[in-house]
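Engineer: What follows is a single structure, and I will ask about it in a moment.
Numbering (my numbering), first residue to last: 4 to 387.
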């Protein structure tokens, strides 16, 4: 009897200890670390407007709350403003997944110190056992666990994402193409971003300079092999964002590798192409290219290039710099995320096209950058 009593006490104490640990202060904060290494401009200021690409250096703590993310991005926008880059005819662009990592918002402090993403996900699941179970039962994706976490956190993510870019677009008086976020069946046609429930999509939206939502969203058509287990491929039309800097078409990362995306955009006669991308693992761009990820290669791809080209060479040949002319654009900007998210480091080359000139900017695993592209005007772009 005494042994049973002791075991019962130990179980109760263990339960209390775990409950206390899980209920720890969720207002986790770290000092803002911009780690801004460079601010560069391409092209010539002709008074036609400019596209400011922000490549932030991010870490898990930047997603501890809406306040943390807003504060981080505010620092880069303030620097762009101080450099005279934010004007009446400016559009700001942020990288893919800038909103997706809000899946970690309002969690236990250990999430932001976890050694890897799996450990962080495990804590999120343990902290919300009932909500996770409900979301898991609603999910039928191949990667059911990841899909369930995104469904469970979608309301928190959506509110933080909306509030962040609503406030920043008003504060700086510029439209912001807000990278991307994974949400269940998002809609923007009502003037307010909503998640209706259903398949998860990787989407991008633009907030106008007055904080209003542009009534159209971009959905990723070609999720990569890493994404296809929990996000759905979209076949919806690709919209054009009408701005004072011109008509802007946007492709989310991997979509820039597929010719149908460019031909569809070309029908809408865009002036500028922006490609918010995420990046790769350390050294990925210097390693052999493994071919297309998650989907069959388009017919115009030389399959002998697989394992012959480097990842960087393949990006130049088959993505933005190799295909932008098919969209009929004069200018293009392909930006990436920087930083260290649970051991995942950003490593990529920024791609810029200004009229007839193409540029590659390689900062590897370096710090953050602000990349400004002046609109080139009516020059006919040439193949780089």
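Even glycine gets a Cβ: it sits at the ideal position worked out from N, Cα and C.
(1) Suppose you measure from the CA of residue 372 to the CA of residue 256; what does that come to, to the nearest Å?
(2) Starting from residue 167, follow the alpha helix (DSSP H) in both directions and report where the run begins and ends.
(3) Can you round the beta-carbon distance between residue 356 and residue 327 to whole angstroms, since I take them to be within the 8 Å contact cut?
(4) Indicate whether the contact test is met: 3 or more Cβ pairs, each with one atom in the stretch 269-282 and one in the stretch 120-133, closer than 8 Å.
(5) If contacts are defined as beta-carbon pairs under 8 Å, then residue 354 and residue 281 qualify, I think. What distance do you get, rounded to the angstrom?
(6) Between residue 314 and residue 335, how many whole angstroms is the CB-CB distance? I'm expecting something under 8 Å.
(7) Let's see if you can read the secondary structure: which residues bound the alpha helix (DSSP H) around residue 101?
(8) Alpha carbon to alpha carbon, what distance is there between residue 67 and residue 391?
(9) Using 8 Å as the Cβ pair cut-off and three pairs as the minimum, do the stretch 80-92 and the stretch 264-271 touch?
(10) Is it buried or exposed for residue 230, if we count other Cβ within 10 angstroms and need 16 for buried?
(11) Below 8 Å CB to CB, which residues in the same chain sit around residue 49 once its five sequence neighbours on both sides are set aside?
(12) Residue range of the beta strand (DSSP E) that residue 244 falls in?
(13) Name the DSSP bridge partner or partners of residue 42?
(14) What are the start and end residues of the alpha helix (DSSP H) that includes residue 198?
(15) Can you give me the C-alpha to C-alpha distance between residue 359 and residue 175, rounded to a whole angstrom?
(16) My guess is that residue 107 and residue 163 are in contact by the Cβ rule of under 8 Å, so how many angstroms apart are they, rounded?
(17) To the nearest angstrom, how far is it from the Cα of residue 112 to the Cα of residue 308?
(18) Quick check for students: name the residue ranges of the beta strand (DSSP E) that lie wholly in the stretch 54-99, counting only runs of 3 or more.
(19) Provide the residue span of the alpha helix (DSSP H) that contains residue 129, from first to last.
(20) Exposed or buried, which one is residue 177 when buried takes at least 16 other CB atoms within 10 Å?
(21) At what residue ranges does the stretch 290-315 contain a whole run of the alpha helix (DSSP H), taking only runs of 4 or more?
(22) Distance, Cα to Cα, residue 259 vs residue 323?
(23) Short of 7 Å in beta carbon distance, which residues of its chain neighbour residue 155, apart from the five on each side in sequence? Order them along the chain.
(24) Among 64, 295, 56 and 147, which has the Cα closest to the Cα of residue 342?
(25) Could you tell me which residues DSSP pairs with residue 365 in its beta bridges?
(26) State the start and end residues of the unbroken alpha helix (DSSP H) segment that holds residue 324.
(27) Strictly by DSSP, which residues pair up with residue 133?
(28) Please list the segments of the beta strand (DSSP E) lying wholly inside the stretch 261-293, counting only runs of 3 or more residues, in order along the chain.
Structural biologist: On the basis of the coordinates in this document:
(1) 18 Å
(2) 147-175
(3) 6 Å
(4) Because the criterion of three Cβ pairs below 8 Å is not met, the stretch 269-282 and the stretch 120-133 do not touch.
(5) About 14 Å separates the two Cβ atoms, so there is no contact after all.
(6) Rounded, the Cβ-Cβ distance is 19 Å, inconsistent with contact.
(7) No alpha helix (DSSP H) contains residue 101, which DSSP labels as neither H nor E.
(8) This structure cannot speak to residue 391, because the chain is shown only from 4 to 387.
(9) Cβ pair count under 8 Å is below three, so no.
(10) buried
(11) Here the set comprises 377, 378, 379 and 380.
(12) Segment 243-246, the beta strand (DSSP E) holding residue 244.
(13) 373
(14) For residue 198, there is no enclosing alpha helix (DSSP H); the residue is found in the beta strand (DSSP E) stretching over 197-207.
(15) 31 Å
(16) Not quite, the Cβ-Cβ distance comes to about 11 Å (not below 8 Å), so this is no contact.
(17) For residue 112 and residue 308, the distance between alpha carbons rounds to 45 Å.
(18) 93-96
(19) 120-130
(20) buried
(21) none
(22) Cα to Cα, residue 259 sits roughly 6 Å from residue 323.
(23) 131, 134, 135 and 138
(24) 64
(25) 352
(26) Annotation: the continuous alpha helix (DSSP H) that includes residue 324 extends over 323-326.
(27) Answer by DSSP bridge pairing: none, since residue 133 is not bridged.
(28) 275-279
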